[in-house]
Amino acid sequence: MALDFNNYAAAGNAFLKEYARNLGLGDDTDKAGRIFVSIMHALREIISMEESLDLLAQLPMFLKAAYVNQWNPKKTRPEIKHMDEFVELVKEMDGKTAIIDYGEENDLAETYIDTTFIYLRKYVSLGEMEDIRDGLPKDLKNMIYSNLMF
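Residue numbers (my numbering): 92 to 241.
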């Protein structure tokens, strides 16, 4: 299997353009990229290693790279049980740009999280999304459940 980095880059850029438009960011693919990565990194911090590997198996190469970048699977998983805590983890993953990307309130972050899970359905099977949801604490299940049918 030959690696075609130009195709990965083109597919990644096309994804970011469409994702940015659906987030309501116009052509701001830099911001869209930060948002996507921070949400995916927060997700990988709270799901099991097994679920992360199952999820990775279904992602296209350009999204796999975003998911695993700077990943330390040996790190202890944080105890995240509520949506507000997950949003704070997402913002933490975004670092210094979180205030620019998400603002101070959580409503925008929750909208971005919903959009991200809708987008993941383009690449991830319903069964895998259900498996991820099943492993989440009760108060976090809705962030995936409400988006499964898209």
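All C-beta atoms in this analysis are idealised placements derived from N, C-alpha and C, irrespective of residue type, glycine included.
Subject >> Neighbour-count burial assignment, threonine 167, 16 or more Cβ in a 10 Å radius >> reply: Exposed, because fewer than 16 other Cβ atoms sit within 10 Å of the Cβ of threonine 167.
Subject >> Straight-line Cα distance separating glutamate 195 from leucine 146 >> reply: Rounded to the nearest angstrom, the two C-alpha atoms are 30 Å apart.
Subject >> Coarse secondary structure for threonine 188, derived from DSSP in three states >> reply: Reduced to three states, the DSSP call for threonine 188 is helix.
Original post:
Between which two residues does the alpha helix (DSSP H) containing glycine 124 stretch?
Top reply: For glycine 124, the enclosing alpha helix (DSSP H) stretches over residues 120–137.
Original post:
In three-state DSSP terms, what is lysine 172?
Top reply: Under the three-state reduction of DSSP, lysine 172 is assigned to coil, being neither helix nor strand.
Original post:
Can you name, in chain order, every residue of its own chain whose Cβ lies under 8 Å from the Cβ of aspartate 222, other than the five neighbours on each side?
Top reply: If we look at aspartate 222 and ignore the five residues flanking it on each side, its Cβ neighbours are Glu142 and Asp145.
Original post:
By the 10 Å Cβ neighbour count, where 16 or more other Cβ atoms means buried, how is threonine 202 classified, buried or exposed?
Top reply: Under this definition threonine 202 is an exposed residue.
Original post:
Between glycine 226 and alanine 102, what straight-line distance do the alpha-carbon atoms span, to the nearest angstrom?
Top reply: Cα-Cα distance, rounded: 30 Å.
Subject >> Distance between aspartate 230 and methionine 174 (C-alpha atoms, nearest Å) >> reply: Separation of methionine 174 and aspartate 230 (C-alpha to C-alpha, rounded to the nearest whole angstrom) is 7 Å.
Subject >> Rounded separation between phenylalanine 208 and proline 164 - CA only >> reply: Straight-line measurement puts the Cα of proline 164 at about 22 Å from the Cα of phenylalanine 208.
**OP:** Leaving aside the five residues before and after tyrosine 193 along the sequence, list all residues of the same chain whose C-beta is less than 6 Å from its C-beta, in chain order.
**Re:** Here the set comprises Lys182, Leu199 and Ala200.
Subject >> Classification of leucine 107 by the beta-carbon crowding that lies within 10 angstroms, buried from 16 upward >> reply: Buried, because 16 or more other Cβ atoms sit within 10 Å of the Cβ of leucine 107.
Original post:
Among Ile191, Leu94 and Tyr158, which has the Cα closest to the Cα of isoleucine 130?
Top reply: With distances taken between Cα atoms, isoleucine 130 lies closest to Tyr158.
Subject >> For lysine 108, the first and last residue of its enclosing alpha helix (DSSP H) >> reply: Looking at the DSSP string, the run of the alpha helix (DSSP H) that includes lysine 108 is 96–114.
Original post:
Based on Cα-Cα distance, which residue from Phe177, Arg112 and Pro151 lies nearest to lysine 232?
Top reply: Looking only at Phe177, Arg112 and Pro151, the smallest Cα-Cα distance to lysine 232 is reached by Phe177.
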